[in-house]
Structures are given as C-alpha cells and as structure tokens.
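Residue numbers (the numbering used here), protein chains in the order written: chain U, 1 to 176; chain L, 1 to 123. First comes the structure, then the notes that go with it.
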Amino acid sequence: MKDLLRVKSLISTEVESLLNSQVKKEAHSCAQYLAVASWCDQNGFDNSADYFFKQSDEERTHQLKLFKYILDMGGHAISPEVDDIRIEFNSFREVFEQALEMEIAITQSFKKIAAACHKEQDYVTMEFLNWFLKEQREEEYKARRALELFNIIGEEATGLWEIDKTIPKISYTSED
Amino acid sequence: MIYFCGMSCATFQEVFSNNSGVVYQCDLESCFYVEFEGKRAKYSVRNLMQLKRKLDHFKIEEIFAVDSLNPSGVEIVTISTTNYCYILNPLQIIRFRELLDQTFFNLHVNQVLKDCLQYAVLA
C-alpha cells in the first residue's frame with residue numbers, strides 16, 4: 001500500500017498542526033506589538049513606539065516564513081484568527097514586562113515544536129527551526145535588556161524620557 | 001469482490017472498517033473511498049484531512065448544553081472542491097470521527113512500517 005500521506009506532505013499532521021499554532025502565535029505577537037506601539041505613541045514614548053512597530057513587522061515576517069514553509073512542504077497553512085489583544089497598560093514598565101513574557105512564550109513554543117521534530121526524526125523541519133531558535137536568542141535578549149533599563153536608569157524625574165531615548169539603541173550582536 | 005469506477009479490488013486496500021463504515025485506499029488514483037452509513041465518497045488525501053479537521057472541530061458537549069445555539073444538534077459538513085455533503089447528528093459525528101481517527105492511525109502505522117522496512121533496506 002502506498003504511503004499517500006507521505007506523498008502529499010513532507011511534514012506529519014502533528015508537526016503541521018504545531019506549525020499552524022505557531023503561525024497563530026506569531027500573528028498574535030504581531031498584533032500585540034502593534035497595540036503596544038499605539039499605547040506608546042499615545043503616551044508620548046515615540047522611540048518605543050517605533051521600536052514596537054519594527055517588532056510587529058518582524059513578527060509578521062516570522063509568521064509568513066512559517067506559513068510559506070508549511071505550504072512548500074505540502075501542508076495546509078491556516079490563516080489564523082487573532083483575538084485577545086491587550087490595548088491598555090498600567091505603566092511604561094508593564095509594556096516591556098509583557099513584551100518579555102511574550103518572547104519567553106514564543107521560545108517555549110519553538111522548543112516544543114523542536115522536541116516533536118526530534119521525536120519524529122523530522123530533521124528537515126528541525127533545520128528550518130534553527131533559524132527561529134537563533135532569532136529567539138536576540139528577541140529575548142532585547143526584551144530583557146529593555147526591562148533592565150528601568151532598574152539602571154530609574155523611573156524618577158526624567159527617567160522614563162531617558163529610557164525611551166535608549167530603547168532604539170538596544171542591539172544584539174551574537175557570535176553565531 | 002469490490003468494484004469502484006470499473007476497477008477491480010486489486011487496486012483497493014481496506015484501511016479500516018467498523019460498524020459505521022469503511023475506508024479504502026486506491027493506489028492507482030492516489031485517493032480514498034469512504035463509505036459511511038451507506039454513503040460512498042471519493043476523497044484526495046487533502047480532502048480527507050479536511051473532512052477530519054471539520055469533524056474534530058465540532059464541540060459535542062456544546063451541542064448538549066442548555067443554552068446551545070444549535071439545539072437540534074444537526075451539523076452540515078461540506079468539503080470544498082467536492083460535491084459531498086453530510087447532514088450529521090451528534091451520534092453520527094462521533095461515529096464518523098472514530099472511523100477517521102482509526103483510519104489515520106492505520107495510515108500512520110503504514111508510514112512507520114514503510115520507513116522501517118523500505119527505507120531501512122535502501123540505506
């Protein structure tokens with residue numbers, strides 16, 4: 001009997017489902033960062049707003065990269081519904097706390113997919129995921145560094161203005 | 001002897017059957033024939049997966065909820081690019097799910113066996 005499932009797609013239904021969940025998570029992050037950018041802009045944190053606009057764009061790129069991979073492998077990529085977007089925050093600091101939480105959740109999610117790939121010996125998808133795992137090093141680093149600015153600079157007096165000015169300077173240079 | 005579209009059973013293999021129905025795989029056409037409660041339909045791999053996704057999507061517990069939006073419990077299932085349409089009650093949904101769950105389980109077993117036997121020998 002022919003293996004019709006394999007003929008149709010390189011990836012298993014389980015990996016396909018996990019990748020589609022990840023597409024949804026990236027879409028959620030994209031929309032959430034956009035909401036955060038809006039909040040920052042409304043509250044006068046222009047530099048942070050720009051930073052989060054760029055983050056939103058990046059998440060969209062990640063979403064499309066995953067989406068295209070599913071299709072290229074013969075799977076069924078599902079355009080996700082996005083809901084539960086938080087638009088109000090109690091403080092400038094809380095914005096960055098949420099950003100870090102989101103990045104940690106994304107990293108955990110990729111680890112879960114990687115574990116499934118190892119279990120199934122799907123090294124093709126594993127190789128594809130390596131780019132995202134490396135990317136998460138940068139994403140978490142930047143989110144953590146941003147949050148640390150609140151402790152280093154302090155929130156008193158012109159602290160918040162200084163933090164907003166420093167946010168765009170955060171960069172990650174890895175040694176690969 | 002099973003005949004579909006004038007072809008003999010030689011090209012068909014039973015993937016799974018139970019009291020509700022049976023699923024055959026046709027290697028020649030690279031498709032599946034699904035018989036469920038007397039109704040026969042031909043599906044590509046993609047369409048069969050779509051059918052399974054749609055059936056899995058129904059929340060049976062919600063159908064029986066007091067404030068259910070669908071008190072009749074009847075669901076209509078259509079698959080794009082095919083002309084097939086099922087009108088299913090909750091019990092039929094459960095039975096159809098069982099049929100397809102086992103079908104996909106067996107297809108995965110076939111995949112594992114093929115991996116172990118065919119590709120291992122080639123290596």
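Glycine included, C-beta positions come from ideal geometry on N, C-alpha and C.
Closest by CA to residue i, which one among the options?
| i | options | result |
| --- | --- | --- |
| A65(L) | L51(L), T78(L), D56(L), P90(L) | P90(L) |
| E35(L) | L113(L), P71(L), L100(L) | L100(L) |
| L88(L) | T81(L), S80(L), Q102(L), S72(L) | S72(L) |
| S91(U) | E14(U), Q42(U), L18(U) | Q42(U) |
| Q92(L) | K42(L), V15(L), S20(L) | S20(L) |
| H76(U) | D3(U), S12(U), R144(U), A49(U) | S12(U) |
| V125(L) | I63(L), S80(L), N83(L), Y84(L) | What the structure shows of chain L is the stretch from 1 to 123, and residue 125(L) is not part of that stretch, so it cannot be assessed. |
| A182(U) | W131(U), L10(U), L18(U), S171(U) | Nothing about residue 182(U) can be read from this structure; chain U reaches only from 1 to 176. |
| S29(U) | I113(U), A146(U), M1(U), S109(U) | S109(U) |
| E156(U) | R93(U), F128(U), D50(U) | R93(U) |
| I113(U) | M102(U), F132(U), E97(U) | F132(U) |
| A146(U) | K25(U), S48(U), M1(U), V7(U) | S48(U) |
| H62(U) | F45(U), L129(U), I170(U), Q98(U) | L129(U) |
| E97(U) | G44(U), E148(U), F45(U), D50(U) | E148(U) |
| V77(L) | S68(L), D56(L), L69(L), E61(L) | D56(L) |
Is there a C-beta anywhere in chain L that falls below 8 Å from the one on residue i?
| i | result |
| --- | --- |
| L19(U) | no |
| D3(U) | yes |
| T125(U) | no |
| V7(U) | yes |
| H118(U) | no |
| T166(U) | no |
| T13(U) | yes |
| H28(U) | no |
Find out if the Cβ-Cβ distance for the pair residue i, residue j is shorter than 8 Å.
| i | j | result |
| --- | --- | --- |
| T107(U) | E140(U) | yes |
| I78(U) | N151(U) | no |
| L5(U) | L51(L) | no |
| A35(U) | I85(U) | yes |
| C31(L) | K42(L) | yes |
| S9(U) | Y33(U) | no |
| V95(U) | F89(U) | yes |
| Y24(L) | E14(L) | yes |
| L100(U) | R60(U) | no |
| F67(U) | V23(U) | yes |
| A27(U) | P80(U) | yes |
| K54(L) | D3(U) | no |
| T11(L) | N47(L) | no |
| Y172(U) | K142(U) | yes |
Between residue i and chain U, is the shortest Cβ-Cβ distance under 8 Å, so that the two count as touching?
| i | result |
| --- | --- |
| E35(L) | no |
| L107(L) | yes |
| D27(L) | yes |
| S124(L) | What is shown of chain L runs 1 to 123, which leaves residue 124(L) out entirely. |
| Q13(L) | yes |
| L55(L) | no |
| R46(L) | yes |
| Q102(L) | no |
| L117(L) | no |
| Q92(L) | no |
| K128(L) | There is no way to answer for residue 128(L), as the model of chain L reaches only from 1 to 123. |
| K114(L) | yes |
For this session: Pair every Cβ in the segment 120-130 of chain U with every Cβ in the segment 148-165 of chain U, then say whether three or more of these pairs are closer than 8 Å.
Result: no
Exercise. Of all the beta strand (DSSP E) runs that stay within the bounds of the segment 74-119 of chain L, which reach a length of 3 or more residues?
Worked result: 75-78, 85-88
Problem set entry | Sufficient close CB pairs (3 or more, under 8 Å) joining the segment 35-50 of chain U to the segment 164-172 of chain U | yes
Exercise. Hey, which unbroken runs of the alpha helix (DSSP H) at 4 residues or more fall wholly within the segment 74-112 of chain U?
Worked result: none
For this session: Please list the segments of the alpha helix (DSSP H) lying wholly inside the segment 10-69 of chain U, counting only runs of 4 or more residues, in order along the chain.
Result: 13-42
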